[in-house]
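Here the structure comes first, spelled out in structure tokens, and everything after it is commentary.
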Amino acid sequence: MNIAPIQKAVLLAADVLAKKDVDKAIADRAEWRADERCWCREGKPPQPGCKETL
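If you read the sequence shown in our numbering, its first letter stands for residue 2, the second for the next number, and so on.
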């Protein structure tokens, strides 16, 4: 679950992320989701690092 938007909306009882990191966390998540959508369209989801060594 991405808690950054929830924290930004002041819906948490206490801050989980540092206030300075909230906007970056939201931007990072948006970038990761865009990449994930591309991988799904291509049918090539990334493999976990441990699978590469097996």
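Each residue gets a CB set at the ideal place from its N, CA and C atoms; glycine is no exception. As the structure is a prediction and not an experimental result, all values here were calculated from the model.
Remark: three or more beta-carbon pairs, one from each stretch, lie closer than 8 Å, so the stretch 2–14 and the stretch 25–43 are flagged as touching. Per the coordinates, the alpha-carbon of R38 lies some 28 Å from the alpha-carbon of K20. In the DSSP annotation of this structure, the continuous segment of the alpha helix (DSSP H) that includes V23 starts and ends at V23 to E43. If you look at K20, you'll find it isn't in any alpha helix (DSSP H); DSSP assigns it neither H nor E.
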